[in-house]
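Okay, so here's the structure we're looking at.
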Amino acid sequence: MGKGEKKNRKKIIDEYSKHVSSGKVAFYKKYGIDFIMGKRHGPYLEDIGGKKEVINLHCNGGVFNLGHRNSEIIKLLSESLNELDIGNHHLLSPERAKTASLIAELMPGDLTYTVFGAGGGEAVDLAIKTARAYTGKTKIISCLGGFHGHTGYALSAGDDKYRTPFGLRLPGFVQVPFNDLISLEKAIDDDTAALILETIPATLGIVIPSGEYMQGVEKLCRTHEVLLIMDEIQTGLGRTGKLWAFEHFGIEPDIVILGKGLSGGIYPISATVMTKRIESVFHKDPFIHISTFGGSELGCRVAAKVLEISAESSFLAHVNKLAGMFK
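Right under this line is the structure:
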């Protein structure tokens, strides 16, 4: 490493420590990690100096399902900038309509309505708000050790370690062990609005649920009229070999949350997908939930391309082929 490169690296680290996060800089220094993101393409990341290249198996939680700087997504966004911008979240939009229609085609059952957001936490918050509004109930059940984001309701549904530094959990949130139907059934009462569940909880250690558990979850929700919210932010869009991870278990949620990979790793966008009956929450006042950047026209165009690529049988076959190599 030359003197100029060392100087540049030190400058980046110093600026990051002073103006972004001194904690992260200290954390990586403690463990001897000096990697700084430089060029990136496909599955590869280069160090800022270009002398070290790694395969990005982390994929930022599924953000880079299609790799870094996917050429089809880059080309589409570049062309779209000649005619589109963010758009207006108050007005009707052809891009929003097209992308929501495509999501409806790709979802099972009656999951035909989509409300767009800019990030996963926002989409989780909306799912919980909508569940409470539709059912008129307040209790939200989630799983111990799970993760649903760092915003208000999402934070209360997640693991204590993310919430504790910021105060008490919001009222109405209860957690039970994952893969435990008995504990779940005990937690359900007459005031339970919804169960929010990651199909495969990442922060819990990539725990694969049993088919008996997932089907039992759906049965309990139907029996007790509890809405089933599946958080597919990290597992959706082909990451498990099926377009939606919950498809492995033959269940049909009431609400599905998408994010991360929906962006193509290029333009932030998320989605809260719900059934027609639940969408009735927005009939009286369609402006009770708005998001300035949610469902931007550029974002929707990118998301539509991501959905088209991810739903291709050849893409899913490739995912399953690679999965076999990693077993």
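Residues in the sequence shown are numbered from 778 upward in steps of one, following the numbering used here.
All C-beta atoms in this analysis are idealised placements derived from N, C-alpha and C, irrespective of residue type, glycine included.
None of the values given here were measured: they were computed from a predicted structure.
Whole-angstrom distance between residue j and residue i, CA atom to CA atom
i, j, result
"Gly1076", "Cys920", "31 Å"
"Tyr746", "Ala881", "In the structure as shown, the chain starts at 778 and stops at 1104, and residue 746 therefore has no counterpart that could be examined."
"Pro1063", "Asn785", "51 Å"
"Gly922", "Ala934", "10 Å"
"Ile905", "Lys788", "43 Å"
"Ser1090", "Asn1097", "11 Å"
"Gly898", "Phe924", "10 Å"
"Lys807", "Ile918", "37 Å"
"Asn859", "Ile965", "52 Å"
"Val892", "Leu1020", "19 Å"
"Thr1052", "Ala979", "26 Å"
"His867", "Ser1073", "11 Å"
"Asp862", "Glu849", "19 Å"
"Ile810", "Lys801", "11 Å"
"Asp1031", "Lys783", "53 Å"
"Cys998", "Tyr930", "20 Å"
"Asp957", "Glu1002", "19 Å"
"Asp887", "Tyr793", "47 Å"
"Glu995", "Thr928", "26 Å"
"Arg1054", "Ala895", "24 Å"
"Val1079", "Lys963", "43 Å"
"Ala1048", "Lys1037", "10 Å"
"Ala900", "Ser1068", "10 Å"
"Gly1015", "Arg846", "18 Å"
Coarse secondary structure for residue i, derived from DSSP in three states
i, result
"Asp824", "strand"
"Gly894", "strand"
"Ile1032", "strand"
"Val901", "helix"
"Phe950", "strand"
"Thr969", "strand"
"Arg817", "strand"
"Lys916", "strand"
"Glu1002", "coil"
"Leu888", "strand"
"His845", "strand"
"Val831", "strand"
"Asn956", "coil"
"Leu853", "helix"
"Val797", "coil"
"Val1058", "helix"
"Asp791", "helix"
"Gly1101", "helix"
"Glu872", "helix"
"Arg940", "helix"
"Tyr990", "helix"
"Leu1075", "helix"
"Ile880", "helix"
"Phe1070", "coil"
"Phe924", "coil"
"Phe1064", "coil"
Counted within 10 angstroms of its Cβ, other Cβ atoms place residue i as buried (16 or more) or exposed
i, result
"Pro986", "buried"
"Pro871", "exposed"
"Val831", "exposed"
"Tyr1044", "buried"
"Ala874", "exposed"
"Thr915", "exposed"
"Thr727", "Nothing in the structure corresponds to residue 727, since the chain is present only between 778 and 1104."
"Leu945", "exposed"
"Ile959", "exposed"
"Thr1012", "buried"
"Lys1104", "exposed"
"Lys795", "exposed"
"Asp1105", "The chain is shown from 778 up to 1104; residue 1105 falls before or after that span and cannot be answered."
"Lys938", "exposed"
"Met814", "exposed"
"Asp791", "exposed"
In DSSP terms, what residue i is bridged to
i, result
"Glu975", "Asp1008"
"Ala731", "Limits of the chain in this structure are 778 at one end and 1104 at the other, which puts residue 731 out of reach."
"Val1083", "Its beta-bridge partners do not exist; DSSP assigns none."
Residue i beta carbon near the ligand NAD (any heavy atom closer than 8 Å)
i, result
"Arg817", "For the ligand NAD, the structure offers nothing, since it holds no ligand at all."
Test: residue i CB closer than 9 Å to a CB of chain B
i, result
"Ser1047", "Of the protein chains in the structure, only one exists, and it is not chain B."
The stretch 963–980 / the stretch 910–918 touching (three or more Cβ pairs under 8 Å): With a cut-off of 8 Å, the stretch 910–918 and the stretch 963–980 count as touching, because enough Cβ pairs lie within range.
The stretch 1036–1050 / the stretch 835–842 touching (three or more Cβ pairs under 8 Å): yes
Stretch-stretch touch, CB-based, cutoff 8 Å, three pairs: the stretch 820–830 with the stretch 1015–1030: no
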